[in-house]
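First the structure, in the form of structure tokens, and then the observations on it.
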């Protein structure tokens, strides 16, 4: 289970928000919801995205935007259109003069915009938090990644568009899975098109020995790994594994293992607030809560309890 898979299947302290947006020009939306990651798929017309520090991005039907980080951005019909609506944390939609406009701009199940017959259409999926493993998996992405039409399976986009606007049993669970599928397709397409910038855990998979070692570490962090036992599972000597792992990943196997365990622990602390330190330590390969707490503080600068409390405190509204 590599970090990209773990982003979807691992412990998560969030659920995604999905919405179909339908607009007629002129329009502009100032997005300040604080989401850690947003997937935007243009299904009709055109959408411009503006964000401080980057050039305006123009998109058309089938294009996908991956918007990383909580910094605000504006989407609009033109690069110079002024926003008329602001989206705040909790998906609160306000006019510029502070009026709630969510109800007046709703047009059926999970459909929102200034005109139900608008020709600028898109689907949005926002992840409130991707966790520490998510940040590891997505670290190679720029703040805004544009993927051209055809980068993801159009049938998944069509199915998600249909399901978003249908009130049926288990709709939210299905929407989450479809959005997760789109995210994996998009991130994979971005990374595979740019092998020189791919993270080490992905590029290292070209070496079968290192790939197997990574799989073992990712899937079985609780096992009492040593360099000897890991090399034995890979059917190579300790020296061979150490050299090939260092060359491919950029760090020794045991260093990578320690970092992975503590990264996983960060997510578990938030995702499972009732999980005690002893069972948590066992799940991430530490023999005692004391040993885990010491390693965790050295890694993050905070004790596990302080980290858990800080991460679960609500963010101030924007």
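Numbering (full-length UniProt numbering), first residue to last: 1 to 318.
Glycine included, C-beta positions come from ideal geometry on N, C-alpha and C.
Item to check | Inter-residue CB distance, residue 190 and residue 145 (contact presumed, cutoff 8 Å) | outcome: The residue you call residue 190 lines up with position 190 of the chain shown. The residue you call residue 145 lines up with position 145 of the chain shown. Right, the Cβ-Cβ distance comes to about 5 Å (below 8 Å), so this counts as a contact.
Next on the checklist: Below 8 Å on the Cβ atoms is my contact criterion, and I expect residue 44 with residue 150 to pass it. Report the Cβ-Cβ distance as a whole number of Å.
Outcome noted: Locating residue 44 in the chain shown gives position 44, counting from the first residue. Locating residue 150 in the chain shown gives position 150, counting from the first residue. At roughly 16 Å, the Cβ-Cβ gap does not stay under 8 Å, so residue 44 and residue 150 are not in contact.
Next on the checklist: Less than 6 Å between C-beta atoms, sequence neighbours within five positions excluded: which residues of the same chain meet that for residue 211?
Outcome noted: Reading the chain shown from its first residue, position 211 is the one you call residue 211. Contacts found: 205.
Next on the checklist: Less than 7 Å between C-beta atoms, sequence neighbours within five positions excluded: which residues of the same chain meet that for residue 127?
Outcome noted: Numbered from its first residue, the chain shown carries residue 127 at position 127. Here the set comprises 14, 16, 35, 36, 37.
Checklist entry - What number of angstroms, rounded off, separates the C-alpha of residue 318 from the C-alpha of residue 49? => result Position 318 of the chain shown holds residue 318. Position 49 of the chain shown holds residue 49. Its pLDDT being 43, under 50, residue 318 is placed unreliably in this model, and the value from its coordinates should be taken loosely. Roughly 20 Å separates the two Cα atoms.
Checklist entry - What separation, rounded to the nearest whole angstrom, lies between the Cα atoms of residue 121 and residue 162? => result Walking along the chain shown from the start, residue 121 turns up at place 121. Walking along the chain shown from the start, residue 162 turns up at place 162. Between residue 121 and residue 162, the C-alpha separation is close to 13 Å.
Next on the checklist: Below 8 Å, how does it come out for the stretch 269-284 and the stretch 233-240: are there three or more Cβ pairs, yes or no?
Outcome noted: no
Item to check | C-beta contact flag for residue 230 and residue 216 at 8 Å | outcome: Locating residue 230 in the chain shown gives position 230, where the first residue counts as 1. Locating residue 216 in the chain shown gives position 216, where the first residue counts as 1. Yes, these two residues count as a Cβ contact at 8 Å.
Item to check | Beta-carbon gap between residue 280 and residue 268 smaller than 8 Å | outcome: As a working mapping, residue 280 is identified with position 280 in the chain shown. As a working mapping, residue 268 is identified with position 268 in the chain shown. Yes, these two residues count as a Cβ contact at 8 Å.
Checklist entry - Contact check, residue 114 vs residue 24 under 8 Å by CB: the rounded distance? => result Residue 114 sits at position 114 when you count from the first residue of the chain shown. Residue 24 sits at position 24 when you count from the first residue of the chain shown. 6 Å between Cβ atoms; contact.
Checklist entry - Under the rule that 16 or more other beta-carbon atoms within 10 Å means buried, what is residue 59, buried or exposed? => result The count along the chain shown starts at 1 and reaches residue 59 at position 59. The residue is buried, with at least 16 neighbouring Cβ atoms inside 10 Å.
Checklist entry - Is residue 18 buried or exposed, if buried means 16 or more other CB atoms sit within 10 Å of its CB? => result Within the chain shown, numbered from 1, the residue matching residue 18 stands at position 18. Under this definition residue 18 is a buried residue.
Checklist entry - DSSP on residue 164, reduced to helix/strand/coil? => result Taking the first residue of the chain shown as position 1, residue 164 is located at position 164. Reduced to three states, the DSSP call for residue 164 is helix.
Next on the checklist: Checking the sheet assignment: what are the DSSP bridge partners for residue 145?
Outcome noted: Against the chain shown, residue 145 aligns to sequence position 145. Beta-bridge pairing links residue 145 to 66.
Item to check | Residues bridged to residue 296 [DSSP beta-bridge criterion] | outcome: Start at 1 with the first residue of the chain shown, and residue 296 comes out as number 296. Its beta-bridge partners do not exist; DSSP assigns none.
Checklist entry - What residues in its chain sit with their C-beta under 8 Å from that of residue 78, if we drop five residues either side in the sequence? => result As a first step, residue 78 must be located in the chain shown, where it is residue number 78. Excluding positions up to five away in sequence, the list reads 25, 26, 48.
Checklist entry - Once you ignore the five residues that flank residue 283 on each side, which residues in its own chain have a CB closer than 6 Å to its CB? => result Taking the first residue of the chain shown as 1, we reach residue 283 at position 283. Cβ within range, chain order: 222.
Checklist entry - To the nearest angstrom, how far is it from the Cα of residue 46 to the Cα of residue 111? => result Mapped onto the chain shown, residue 46 falls at position 46. Mapped onto the chain shown, residue 111 falls at position 111. Looking at the two C-alpha atoms, the distance is approximately 18 Å.
Item to check | According to DSSP, residues forming a beta bridge with residue 37 | outcome: Translated into the one-based positions of the chain shown, residue 37 becomes position 37. Note: residue 37 sits in a beta bridge opposite 68, 127.
Next on the checklist: Suppose the cutoff is 7 Å on Cβ atoms and the five residues either side in sequence are ignored; what does the same chain contact list for residue 309 look like?
Outcome noted: Translated into positions along the chain shown, residue 309 becomes position 309. For residue 309, where only same-chain residues beyond five positions count, there are no Cβ hits under 7 Å.
Item to check | Pair within 8 Å by beta-carbon distance, residue 29 and residue 85 | outcome: Taking the first residue of the chain shown as 1, we reach residue 29 at position 29. Taking the first residue of the chain shown as 1, we reach residue 85 at position 85. Cβ atoms of residue 29 and residue 85: closer than 8 Å.
Item to check | Sheet register partners of residue 206 (DSSP bridge) | outcome: Within the chain shown, numbered from 1, the residue matching residue 206 stands at position 206. Note: residue 206 sits in no beta bridge, so no partner.
Checklist entry - At which residues does the beta strand (DSSP E) containing residue 28 begin and terminate? => result Locating residue 28 in the chain shown gives position 28, counting from the first residue. Counting along the chain, the beta strand (DSSP E) containing residue 28 begins and ends at 28-31.
Item to check | Buried or exposed (CB count within 10 angstroms, at least 16 for buried), residue 186 | outcome: For the purposes of this step, residue 186 is taken as the residue at position 186 of the chain shown. Residue 186 is buried by the Cβ-count criterion.
Next on the checklist: So, with DSSP's three-state summary, where would you put residue 233?
Outcome noted: For the purposes of this step, residue 233 is taken as the residue at position 233 of the chain shown. Correct three-state label for residue 233: helix.
Next on the checklist: Quick check on DSSP: helix, strand or coil for residue 111?
Outcome noted: Numbered from its first residue, the chain shown carries residue 111 at position 111. Here residue 111 sits in strand by DSSP.
Checklist entry - What is the DSSP secondary structure of residue 192, counted as helix, strand or coil? => result Working through the chain shown from its first residue, we reach residue 192 at position 192. Looking at residue 192 - three-state DSSP - the assignment turns out to be helix.
Next on the checklist: Does residue 153 come out as helix, strand or coil in the three-state DSSP assignment?
Outcome noted: For the purposes of this step, residue 153 is identified with residue 153 of the chain shown, where counting begins at 1. Residue 153: coil per DSSP, three-state reduction.
Item to check | Rounded straight-line distance, which links the Cα of residue 240 to that of residue 256 | outcome: Position 256 of the chain shown, counted from the first residue, corresponds to residue 256. Position 240 of the chain shown, counted from the first residue, corresponds to residue 240. Spanning the two alpha carbons is a distance of roughly 16 Å.
Item to check | Buried versus exposed call for residue 67 [16 or more other C-beta atoms within 10 Å across all chains shown] | outcome: As a working mapping, residue 67 is identified with position 67 in the chain shown. Buried.
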